[in-house]
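Chains as they are written, first to last, in the working numbering: chain A, 4 to 116; chain B, 220 to 327.
Note that CB positions come from ideal geometry on N, CA and C, so glycine has one too.
Reading through the structure tokens given below for one structure.
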Amino acid sequence: DGGITQSPKYLFRKEGQNVTLSCEQNLNHDAMYWYRQDPGQGLRLIYYSQIVNDFQKGDIAEGYSVSREKKESFPLTVTSAQKNPTAFYLCASRLHERRPEAFFGQGTRLTVV
Amino acid sequence: DAKTTQPPSMDCAEGRAANLPCNHSTISGNEYVYWYRQIHSQGPQYIIHGLKNNETNEMASLIITEDRKSSTLILPHATLRDTAVYYCFPSGNTPLVFGKGTRLSVIA
């Protein structure tokens, strides 16, 4: 059953702690993305990766870090430097940058208290 | 997103056609027009895309003006399950950039 999986669905952390959000895909896609969504807002691009071992900053990369050591995995770390980390985080993948259809995970809702 | 303009919200009666407009006046010659939708608390879903010609698939139809500065997504027979935020944006070989979209409410 192919798809893109994010875990966990809900995550609670204390302020000042780093937290890593998981994103795994078995679609053999080269490109992967992380977006953040705040209530009533559109999606904002955090980081993206077009190929293994390479990634680029998106519009709001400050306070976040990523790695792309394997094609199927693109974890996002929300560091303590991120001032407002509470948000809905979405991971996506597509075959490559020229393909129109991206597949999204179900998202992780992070709450920092 | 400054590249597109969409109305913030629209209503549509169930069973009627929903016509969602989008202005993308700064679209480049090699950029496609993409449409996605996001049902509440889920990840966005691809609907359709086009370059110059009108396109149709099992979900919707896309009408692009000749000058490519605007487009309209048509859901021919809207159902309650079509209630969602609809995003339109131009894109080439770059990451997908979503704006605020149009919140479509289909009313019984």
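In this structure A34 (chain A) is in contact with S52 (chain A), their Cβ atoms being roughly 7 Å apart against a cut-off of 8 Å. In the three-state scheme derived from DSSP, where H, G and I count as helix and E and B as strand, R300 (chain B) is classed as helix.
For a Cβ distance threshold of 7 Å, residue set Y265, L315 of chain B lies close to A105 (chain A), ordered along the chain. In terms of Cβ geometry, K86 (chain A) and G61 (chain A) do not form a close pair [threshold 8 Å]. For F317 (chain B), the secondary structure class from DSSP, reduced to helix, strand or coil, is coil. Residues of the segment 29-49 of chain A with a C-beta atom less than 7 Å from some C-beta of chain B are Y36, Q44, G45, L46, L48, listed in chain order. At a cut-off of 8 Å between C-beta atoms, R101 (chain A) counts as an interface residue with respect to chain B. Taking a C-beta cut-off of 9 Å against chain B, the contacting residues of the segment 65-95 of chain A are F91, L93, C94, A95, listed in chain order. With distances taken between CA atoms, I267 (chain B) lies nearest to A:R102 out of A:Q109, A:G110, A:V115, A:R102. Classified as buried, F317 (chain B) has 16 or more neighbouring CB atoms from the shown chains inside 10 Å of its CB.
M229 (chain B) has B:L323 as its beta-bridge partners, per DSSP. The residues L239, R256, G320, T321, L323, in chain order, have a CB closer than 6 Å to that of Y305 (chain B) in the same chain once the five nearest residues on each side in sequence are set aside.
Per DSSP, N273 (chain B) is not a residue of any beta strand (DSSP E), being assigned neither H nor E. Contacts between Q109 (chain A) and chain B, judged by CB atoms closer than 7 Å, involve Q261, G262 in chain order. Taking a Cβ-Cβ threshold of 8 Å, none of the residues of chain B is close to G6 (chain A); the smallest such distance is about 11 Å. For E27 (chain A), the enclosing beta strand (DSSP E) has its first and last residue at 22-28. Shown here for M278 (chain B): same chain residues with a beta carbon closer than 6 Å to its own, the five before and five after excluded, namely I266 in chain order.
Closest by C-alpha distance to K288 (chain B), out of B:P226, B:E274, B:S244, B:P314, is B:S244. Here I49 (chain A) is near L79 (chain A), since their CB atoms are less than 8 Å apart. Neighbours of Y51 (chain A) in chain B, taken as residues whose beta carbon is under 7 Å from its own, are P314 in chain order. Nearest in C-alpha terms to T223 (chain B), of all of B:T302, B:L315, B:D301, is B:L315. Each residue's CA atom was taken as its position, placing P295 (chain B) and E285 (chain B) some 22 Å apart.
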